[in-house]
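Below: the structure, in C-alpha cells.
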Amino acid sequence: MKTLIAYSTTLGCTEQCASRLKEDLGEGVDMYRISRRRKINFELYDTVIIGGSIHEGMIQRAVRKFCEENLKDLLKKEIGLFICCVDPGENEDELLKSVYPDELLSHALAKSYFGGELNFKKMNLMQKIMTRKKERLEVMPEIDFDSILSFAEQLQQKNA
C-alpha cells in the first residue's frame, strides 16, 4: 500500500504534522506540498491524505483548489482528511465540514483535528498583530501528537 500526504502550510505547523504522520504510518509514504503545483500520478497511491491549516475560518486556497480539481481521482482512493488550527472554536467536526467538499468528507476513512502552533518567528507583521488581538486564546496552542497517532492507526486498521 502506497500513501500520499498532500498538504499546504503557511507557517510550518501543517508540514510538521504531515511529517509526524508520515513517521507514524511507516514505509511507503510520500509527502507532497500542494502549493508546489507539480502533477500527481494518483495511480501510484492507494491512499491519499489531505491536510491544511485554518486561518480566519478558512483553509488555504491551494488545498480547496486541489480538492476541487482532483475530486474525481480522489473519490477512487482511500482518503484521510486533517486540519491544523490554533483556535477551532467549539466543534472541530463542524470546522472540517466547512472546509472540505461534502463528497470527500463522506468518502473519507479518517478525519481529524491535529491542534495548532503559533510560530511568531515565521509570521509577518500583520499576522503578529492579528494574533495578539485574539485575546480569546487562553492557553498556548499546541500540536496534538496523540491525535496524529490515532489518525494513523485508524487508517492502518481500515487498510488491513
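Quick note on my numbering: the sequence shown kicks off at 238 and runs consecutively. Every residue, glycine too, gets a C-beta built ideally from N, C-alpha and C. Note that the coordinates shown come from a computational prediction; the quantities given were computed from them, not determined experimentally.
When the five nearest sequence neighbours on each side are left out, the beta carbons in the same chain lying within less than 8 Å of the beta carbon of HIS292 are those of THR247, in order along the chain.
Around the CB of GLY265, fewer than 16 other CB atoms lie within 10 Å, so the residue is classed as exposed. The straight-line gap separating the alpha-carbon atoms of MET238 and GLN394 is approximately 13 Å.
Scanning its chain for C-beta atoms nearer than 7 Å, with the 5 sequence neighbours on each side dropped, one finds around ILE385 the residues CYS254, ARG257, LEU258, ASP261, PHE351, in chain order. DSSP lists no bridge partner for PHE279. Using a Cβ distance threshold of 9 Å, ILE271 and GLY249 do not count as a contacting pair. With a beta-carbon spacing of about 6 Å, PHE319 and PHE388 fall inside the 8 Å limit used to define contacts. The C-alpha of GLU379 is placed about 31 Å away from the C-alpha of LEU308. Here ASP267 has LEU241 as same chain residues with Cβ atoms under 6 Å from its own Cβ, once five neighbours each way along the sequence are excluded.
Within its own chain, the residues whose Cβ lies closer than 6 Å to the Cβ of TYR244, once the five positions on either side in sequence are excluded, are THR251, ALA255, GLY288, listed in chain order. In the assembly as shown, GLY294 is an exposed residue. Its beta-carbon has fewer than 16 other beta-carbons within 10 Å.
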